[in-house]
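Here's the structure, in structure tokens; my notes come after.
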Amino acid sequence: MIAEQIAQTVTSMPEPLRTLFTWIFSDAFVKAAVFPGALFSTVLGMFAVWYERKLLARVMLRVGPLHVGKVSGVLQLVADAIKFLAKELITPSGAIKPLFWTMPSIALILSLLLYAFLPFGAGWIIYPSEIGLLLFFAVLALSPVPILLAAYASGSKYPFIGLVRLALQLFSYEVPLFLALAGVVMMAGSFNIERIVKAQAVVPFIVPQVLGFLVFFVAALAESERVPFDIPTAESEIVFGWQTEYSGAHFVIIQLAAYEKTLALCILGALLYLGGWHGPPIPFLPDSVTAPFWVVLKALILFTVMVLIRGAYPRLTIDRVLDLGWRYLIPLSLINLLIVASILELQNFLYNLGW
Amino acid sequence: MAAQEGPLWFLWDPFILYVILVLLAPDVFYIVSWLIAPSRPSRVKRMAFESGQAPIRSAISTFPIEYFPYVIIYIAYAVVAVLVFFSLLAVIEVGVTPMTLMLLTVAAVVSVYVGTRLKVAGGKRG
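Chain order of the listed sequences is Y and G. All residue numbers for the first sequence refer to my numbering, where the first residue is 33 and numbers rise by one. All residue numbers for the second sequence refer to my numbering, where the first residue is 8 and numbers rise by one.
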């Protein structure tokens, strides 16, 4: 009834206004600008920073952000952002200026682009594709490049040390990440993330692929430079690693890019291993609302584990980081693939016997 | 809808619209910063950060060689990753065959063997 009235008012409007209204309520605008697009990803990123600071404070028996905003310092981040944006942008004299200025933006663009390939429910996706997981991985594999160039362009010694560490770390964790994702693709028989979620309607993939999930999670921690693997930006050793020369707006953009990448990996983990939008139905709410709710909830659970790990573990040394990647994670991910293939073969065998 | 065929047709495609918004995202920060941040550069501010010291020589120094063996291993495992990718396509196409199982077994056993044997920069443990 109300919907009909709204439709009538819209059709009775003059022409440019009518098109504008239909555009704002169209699929394109809602998906790209509101959910799961620009607005949602930025708000989620800001919430994650506040949540991490608050939870980390509790781990360390502190209170955390408190004074800005009415409840528990929720507006602390807005205040921080304004403070950073009001700082002078300094270009060091040894820097390669064009690279130094553009690379933070490209890092943020690549991180935000990851959200285009993540479904939040049946049809809740910006770019539906049969090879969605491959596209996600392609953008993810590109994301170290702007960071390496940014470090190189800084023309300073601490960023260069960070660059070397980052290159060694990221390139050694991309192979296990890919091999862990391969297990999921093999079990679901598709690169389409929506189909992978549908294949988990009965049993989420974390049950047959515990090894794969562990490899994925550790590799995701390393890819997003989270704490046990934060040697490229190790604050207490090499000032701030590859970010040392960046100040003001550059720094905000780099931090936002890092958090968006971490959260995209958390959401991917929830979709591929924790059953995505499958969950107990909530009364009085349609599927199109509960599906994104479950995905975001599961992703936030993964993020909570990441924060708790940050609170509990010290930083690894670089030889241990490389050792873990090459000597443990790759064999584990290949064993996981073998287990998946054996399960599929066993299913075939039982099916042919007539079970 | 008529508007979807006009000159602004790309605004009706979720992906293109999202890419446009994403390209605009960093500019918002720079514009706000340009509006409220001061700009008073000086020679001392523009020096590279070296904990208060004046920098000497170029920052681009030599790449440490002690982890170079990992680069060689990376090449070997990149080939394994390609192999896994093609066996994935084969599995999607025709299902798991005994040959796939054998290939994966060989890959897993070899990687475990390499993992137990590999000791790069091992003397630095403490």
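Note that CB positions come from ideal geometry on N, CA and C, so glycine has one too.
Backbone CA spacing between residue i and residue j [nearest angstrom]
{"i": "Ala111/Y", "j": "Gly101/Y", "result": "10 Å"}
{"i": "Tyr120/G", "j": "Gly105/Y", "result": "52 Å"}
{"i": "Gly130/G", "j": "Pro346/Y", "result": "Annotation note: pLDDT 49 at Gly130/G (below 50); position unreliable, coordinate value reported separately. Approximately 21 Å between the Cα atoms of the pair."}
{"i": "Ala170/Y", "j": "Phe248/Y", "result": "16 Å"}
{"i": "Arg85/Y", "j": "Leu131/Y", "result": "31 Å"}
{"i": "Leu300/Y", "j": "Ala64/Y", "result": "19 Å"}
{"i": "Lys129/Y", "j": "Thr123/Y", "result": "7 Å"}
{"i": "Ala302/Y", "j": "Gly308/Y", "result": "5 Å"}
{"i": "Ile141/Y", "j": "Ala32/G", "result": "8 Å"}
{"i": "Gly187/Y", "j": "Ala173/Y", "result": "25 Å"}
{"i": "Glu73/G", "j": "Arg258/Y", "result": "25 Å"}
{"i": "Val91/Y", "j": "Asp59/Y", "result": "42 Å"}
{"i": "Ala199/Y", "j": "Phe149/Y", "result": "26 Å"}
{"i": "Glu277/Y", "j": "Ala55/G", "result": "7 Å"}
{"i": "Thr336/Y", "j": "Tyr83/Y", "result": "9 Å"}
{"i": "Leu1/Y", "j": "Val235/Y", "result": "Nothing about residue 1/Y can be reported from this structure: the residues present for chain Y run from 33 to 387 only."}
{"i": "Phe261/Y", "j": "Thr123/G", "result": "23 Å"}
Proximity to residue i [Cα-Cα], best of the options
{"i": "Pro21/G", "options": "Ile128/Y, Leu145/Y and Leu121/Y", "result": "Leu145/Y"}
{"i": "Pro68/Y", "options": "Val26/G, Gly59/G and Pro45/G", "result": "Val26/G"}
{"i": "Pro313/Y", "options": "Pro324/Y, Pro46/Y, Leu304/Y and Met218/Y", "result": "Pro324/Y"}
{"i": "Gly13/G", "options": "Leu202/Y, Ile38/Y, Ala35/Y and Pro48/Y", "result": "Pro48/Y"}
{"i": "Leu18/G", "options": "Phe245/Y, Leu107/Y and Thr51/Y", "result": "Thr51/Y"}
{"i": "Ala296/Y", "options": "Ser44/Y, Phe152/Y, Gln232/Y and Arg94/Y", "result": "Phe152/Y"}
{"i": "Gly155/Y", "options": "Val321/Y, Ser44/Y and Leu174/Y", "result": "Val321/Y"}
{"i": "Phe168/Y", "options": "Phe210/Y, Ile56/Y and Ile362/Y", "result": "Phe210/Y"}
{"i": "Phe192/Y", "options": "Phe116/Y, Ala183/Y and Phe53/Y", "result": "Ala183/Y"}
{"i": "Pro136/Y", "options": "Leu364/Y, Pro208/Y and Ala281/Y", "result": "Ala281/Y"}
{"i": "Ala289/Y", "options": "Thr74/Y, Phe149/Y, Leu181/Y and Gln201/Y", "result": "Thr74/Y"}
{"i": "Ser268/Y", "options": "Ser46/G, Ser58/G, Pro62/G and Thr112/G", "result": "Ser58/G"}
{"i": "Ala70/Y", "options": "Val29/G, Arg64/G, Val51/G and Arg53/G", "result": "Val29/G"}
Neighbour flag for residue i against chain Y, beta carbons, 8 Å
{"i": "Phe93/G", "result": "no"}
{"i": "Val119/G", "result": "yes"}
{"i": "Met54/G", "result": "yes"}
{"i": "Phe70/G", "result": "yes"}
{"i": "Val98/G", "result": "yes"}
{"i": "Pro48/G", "result": "yes"}
{"i": "Gly59/G", "result": "no"}
{"i": "Pro45/G", "result": "yes"}
Cutoff 8 Å: residue i Cβ touching any chain G Cβ
{"i": "Ser374/Y", "result": "yes"}
{"i": "Gly194/Y", "result": "no"}
{"i": "Trp156/Y", "result": "no"}
{"i": "Thr43/Y", "result": "no"}
Any C-beta of chain Y within less than 7 Å: which residues of the region 17 to 35 of chain G qualify? Within the region 17 to 35 of chain G, contact with chain Y at the beta-carbon level (separation under 7 Å) is assigned to Leu18, Trp19, Asp20, Pro21, Phe22, Leu24, Tyr25, Leu28, Val29, Leu30, Ala32 and Pro33.
Could you please tell me which residues of the region 276 to 310 of chain Y, in chain order, have their CB closer than 7 Å to any CB of chain G? Answer set for the region 276 to 310 of chain Y: Thr276, Glu277, Gly280, Ala281, Val284 and Ile285.
Any C-beta of chain G within less than 8 Å: which residues of the region 56 to 78 of chain Y qualify? Close to chain G, meaning a Cβ-Cβ distance shorter than 8 Å, are the following residues of the region 56 to 78 of chain Y: Ser58, Asp59, Ala60, Phe61, Lys63, Ala64, Ala65, Gly69, Ala70 and Thr74.
Suppose only complete runs of 4+ residues qualify. What are the alpha helix (DSSP H) ranges in the region 103 to 171 of chain Y, listed by chain order? Unbroken alpha helix (DSSP H) stretches of 4 residues or longer found wholly inside the region 103 to 171 of chain Y: 108 to 117 and 129 to 145, given in chain order.
My parser needs the alpha helix (DSSP H) runs of 4 or more residues fully inside the region 274 to 343 of chain Y; what are they? Given a length threshold of 4 residues, each whole run of the alpha helix (DSSP H) inside the region 274 to 343 of chain Y is given here in chain order: 280 to 304.
Taking only beta carbons into account, state which residues of the region 71 to 88 of chain G come closer than 9 Å to chain Y, listed in chain order. When CB distances to chain Y are screened at a threshold of 9 Å, the residues of the region 71 to 88 of chain G falling below it are Pro71, Glu73, Tyr74, Tyr77, Val78, Ile80, Tyr81, Tyr84, Ala85, Val87 and Ala88, in chain order.
For the region 12 to 83 of chain G, which segments carrying the alpha helix (DSSP H) assignment without a break, of at least 4 residues, lie completely within its bounds, in sequence order? Considered as a whole, the region 12 to 83 of chain G harbours 21 to 43 as its complete alpha helix (DSSP H) runs of no fewer than 4 residues, in chain order.
Interface residues of the region 104 to 117 of chain G facing chain Y [CB-CB below 8 Å]: Here the close residues are Pro105, Thr107, Leu108, Leu111, Thr112, Ala114 and Ala115.
If you scan the region 165 to 228 of chain Y from start to end, which runs of the beta strand (DSSP E) of 3 or more residues do you find wholly inside it? As far as the region 165 to 228 of chain Y is concerned, it has no whole beta strand (DSSP E) run of at least 3 residues.
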